[in-house]
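Presented below is the structure to which this report refers.
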Amino acid sequence: MAAIAASNAVVSKSTRLSSNYSFRPSSAPRNFHPWTSISLANSKISSGCVRAQVTPLEQTSAAAPAQSVEAPAVNVFGTSRGSVSTTVSPVENKTPLSKLKETAGFDGSGNESTVSITVVGASGDLAKKKIFPALFALFYEGFLPKHFTVYGYARSKMTDAELRIMVSKTLTCRIDQRENCGEKMEQFLGRCFYHSGQYDSEKNFAELDKKLKEHEVGRVSNRLFYLSIPPNIFIDAVKCASLSASSGNGWTRVIVEKPFGRDSESSAALTKALKQYLEEDQIFRIDHYLGKELVENLSVLRFSNLIFEPLWSRQYIRNVQLIFSEDFGTEGRGGYFDNYGIIRDIMQNHLLQILALFAMETPVSLDAEDIRNEKVKVLRSMRPVKLDDVVVGQYKSHTRGGINYPSYTDDETVPKGSLTPTFAAAALFIDNARWDGVPFLMKAGKALHTKGAEIRVQFRHVPGNLYNRNFGTDLDRATNELVIRVQPDEAIYLKINNKVPGLGMKLDRSNLNLHYAARYSKEIPDAYERLLLDAIEGERRLFIRSDELDAAWSLFTPFLKELEEKKIIPEYYPYGSRGPVGAHYLAARYKVRWGDVGHEQ
30 MAAIAASNAV VSKSTRLSSN YSFRPSSAPR NFHPWTSISL ANSKISSGCV
80 RAQVTPLEQT SAAAPAQSVE APAVNVFGTS RGSVSTTVSP VENKTPLSKL
130 KETAGFDGSG NESTVSITVV GASGDLAKKK IFPALFALFY EGFLPKHFTV
180 YGYARSKMTD AELRIMVSKT LTCRIDQREN CGEKMEQFLG RCFYHSGQYD
230 SEKNFAELDK KLKEHEVGRV SNRLFYLSIP PNIFIDAVKC ASLSASSGNG
280 WTRVIVEKPF GRDSESSAAL TKALKQYLEE DQIFRIDHYL GKELVENLSV
330 LRFSNLIFEP LWSRQYIRNV QLIFSEDFGT EGRGGYFDNY GIIRDIMQNH
380 LLQILALFAM ETPVSLDAED IRNEKVKVLR SMRPVKLDDV VVGQYKSHTR
430 GGINYPSYTD DETVPKGSLT PTFAAAALFI DNARWDGVPF LMKAGKALHT
480 KGAEIRVQFR HVPGNLYNRN FGTDLDRATN ELVIRVQPDE AIYLKINNKV
530 PGLGMKLDRS NLNLHYAARY SKEIPDAYER LLLDAIEGER RLFIRSDELD
580 AAWSLFTPFL KELEEKKIIP EYYPYGSRGP VGAHYLAARY KVRWGDVGHE
630 Q
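Each number in this note's numbering corresponds to the 1-based position in the sequence shown with 29 added.
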């Protein structure tokens, strides 16, 4: 299918090509498929970039036999070290694209490879609602390799047919490609199987290994385990999978869901236990917020637009707000939530990860390690959170419109008299040259008036503003604000001051608005789709490294211990309100007004 000349090619030790030779330029969408033959003669693949001469692929027959393939087709998906520079010639392709995709799935030696994806905890809600639908979406869009198998593993007794029925209830098709939906579902479900076993049984995992080998049929086997299970059984599952079901001739990777411990000590213990059976580059700690479209776009917005990067500092930014809200309570999940609370559940991971991406210095390249190095530097530059800089709250019952909404402790799974916060607001600071003195305000809560997640960047007031008299004494009305709405209804908009048309001099605030639904017709992929694809490809940029995790916990652990030891009583707020009044006093202490309140949100 494609002849590859690799004479004189110089490949750096740090460069990694995935086993299915998938390649996507960093600037291209995920549906980019340059099915061309690539000559690497006299080319260099270094830590900085790739330069390759791409020539047309000549395919004489749409039904060419498999044995006529001289070498695997190369679909290049971004190098692990940075930018890509290519010279692309037009592709004369007489073979349907779907047929060409099927030729993918080879290792570096030209041997066919397969990916076996095992969802550990397959009968749980996360697997049913997120993981299986994400895998189907990847298959539907053509991003999974030619040879793959999906196995569900859990303690529940279930047949392959019963698993397929369970999974089929949650599968949906892309809006723009529904014509072959039923056919695609049947094909995907035909590759889904189930094995029942205990999470701490090496024997059961050995049985799983035997079944996986039956589907791998002598190919190079790559295995991905997704741990969709409670954290107290992570280690047992990892031990058994590592000792009894690891790949013998390919890679083995494990995706670990949060929470990654409750504090610095438990997190370090979990990491140490995982590393008894896995190397760091085999561990993919997933935070699904890092896979959201607007979060991934954050670095693009900043580093590829000249108008933003010069403003991205204390000189022009007055404060940064990271806001997360849910309009529902624990709803039967109180038993899990009460052990962690809103700070561990949302702030210490989701919001802190977004903050690190927002505030980091320009990385050397787009390589995963370069980006994660910069994130760690930010976290290590931050002051540990202090009790005085935090407001905690808990929702109470409230009647509205004739409907009675329960309090947090009305949840039968929550211990009576629990002081666990369902709301928290905090002021954080980064002690470095770029951000010295700029408050980063976080706010997260359940049972609030709305559901959403956003980043708000409030710029400084214009010095000596000629139009101050038009705004009166409220200078905040004249503040420029950049809003990145992560969810729902994704958008990026910039608030500016503008003259209202007419003979008088009347000003108002207007939005320069990039509304994703209006601008892009394509449906935005779910975060789990992006992260699962990255894990399969070995791309670690959006996953959390162990030292990054240590730095994050070091900021919150002392405060959390003090909060629990002193048994701080949370401020109660009505279900469906904007949260505790104390959050506004906290913001006012730093001369900040929350951007999500008021008439102009």
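Backbone N, C-alpha and C define an ideal beta-carbon position, used for all residues, glycine too.
These figures come from a predicted structure and were not determined experimentally.
Considering just the uninterrupted stretch of the alpha helix (DSSP H) at residue i, what are its terminal residues?
i: Thr586; result: Ser575 to Glu594
i: Gly533; result: No alpha helix (DSSP H) holds Gly533; DSSP gives it neither H nor E.
i: Met635; result: Because the chain spans 30 through 630 in this model, residue 635 falls outside it and cannot be assessed.
i: Gly611; result: Gly611 to Arg618
i: Tyr545; result: Tyr545 to Arg548
i: Asn326; result: Glu322 to Phe332
DSSP three-state label for residue i, please.
i: Leu598; result: Inspection of the sequence shows that residue 598 is occupied by Ile rather than by Leu. Residue state, collapsed to three classes: coil.
i: Met214; result: helix
i: Cys221; result: strand
i: Ser559; result: Note on identity: in this sequence residue 559 is Arg, with Ser being the wrong assignment. In this structure, Arg559 counts as helix in the three-state DSSP scheme.
i: Val113; result: The predicted position of Val113 is uncertain, since its pLDDT is 39 and thus under 50; a value taken from the coordinates is nonetheless stated next. Val113: strand per DSSP, three-state reduction.
i: His176; result: coil
i: Glu286; result: strand
i: Asp311; result: In the sequence under discussion, the amino acid at residue 311 is Gln, which differs from the Asp named in the question. Looking at Gln311 - three-state DSSP - the assignment turns out to be helix.
i: Arg514; result: strand
i: Lys445; result: coil
i: Pro492; result: coil
i: Ser296; result: helix
i: Ser51; result: With a pLDDT of only 40 at Ser51, under the threshold of 50, the placement of this residue in the model should not be trusted; the figure read from the coordinates follows. Three-state result, Ser51: strand.
i: Leu164; result: helix
i: Phe263; result: helix
i: Leu541; result: strand
i: Leu523; result: strand
i: Ala302; result: helix
i: Glu483; result: strand
i: Tyr228; result: coil
i: Ala57; result: Bear in mind that a pLDDT of 45 at Ala57, under 50, signals an unreliable position, so the number given afterwards is only what the model happens to contain. If DSSP states are grouped into helix, strand and coil, Ala57 belongs with coil.
i: Thr44; result: Low per-residue confidence applies at Thr44: pLDDT is 38, beneath 50, and the placement is therefore not dependable, though the value from the model is reported in the following sentence. Reduced to three states, the DSSP call for Thr44 is coil.
i: Ala270; result: helix
i: Thr84; result: Here the model assigns Thr84 a pLDDT of 39, short of 50, so the residue's position is not dependable and the matter cannot be decided.
i: Tyr169; result: helix
i: Ala183; result: strand
i: Pro339; result: helix
i: Thr428; result: strand
i: Thr201; result: coil
Can you tell me the Cβ-Cβ gap for residue i and residue j, rounded? I've got them flagged as a contact below 8 Å.
i: Asp440; j: Gly370; result: Rounded, the Cβ-Cβ distance is 14 Å, inconsistent with contact.
i: Ser257; j: Ile160; result: 6 Å
i: Ile484; j: Ile383; result: 7 Å
i: Trp3; j: Lys472; result: With the chain covering 30 to 630 only, the question about residue 3 has no answer from this structure.
i: Leu218; j: Arg193; result: 4 Å
i: Leu536; j: Tyr496; result: 6 Å
i: Leu237; j: Gly226; result: 7 Å
i: Ala556; j: Lys321; result: 5 Å
i: Pro468; j: Phe452; result: Actually they do not touch by this definition, with Cβ atoms about 19 Å apart.
i: Glu558; j: Ala151; result: With 8 Å as the limit, Glu558 and Ala151 do not qualify as a contact, their Cβ atoms being about 18 Å apart.
i: Pro392; j: Val421; result: Not confirmed; about 35 Å, so no contact.
i: Ala270; j: Phe254; result: 5 Å
i: Ala456; j: Leu615; result: 6 Å
I'd like the span of the beta strand (DSSP E) that includes residue i, first residue to last.
i: Val149; result: Ser142 to Val149
i: Phe452; result: Phe452 to Leu457
i: Arg412; result: Neither: Arg412 is in no beta strand (DSSP E) and is coded neither H nor E.
i: Ser250; result: Val249 to Leu256
i: Val246; result: From DSSP, Val246 is part of no beta strand (DSSP E); its letter is neither H nor E.
i: Lys425; result: Val419 to Lys425
i: Leu470; result: Phe469 to Gly474
i: Gly433; result: Sequence inspection shows Asn at residue 433; the Gly mentioned does not correspond to that position. Per DSSP, Asn433 belongs to the beta strand (DSSP E) from Ile432 to Tyr434.
For residue i, count neighbouring C-beta atoms within 10 Å of its own C-beta (all shown protein chains included) and say buried if the count is 16 or more, exposed if not.
i: Thr188; result: exposed
i: Met195; result: buried
i: Met534; result: exposed
i: Gly474; result: buried
i: Tyr424; result: buried
i: Thr201; result: exposed
i: Glu593; result: exposed
i: Tyr345; result: exposed
i: Ile284; result: buried
i: Gln216; result: exposed
Establish whether the CB of residue i and some CB of chain B are separated by less than 9 Å.
i: Tyr169; result: Absent from the structure: chain B. Only one protein chain is present.
4-residue-minimum alpha helix (DSSP H) runs that sit fully inside the segment 346-409, ordered along the chain: 363-367, 381-388 and 397-409
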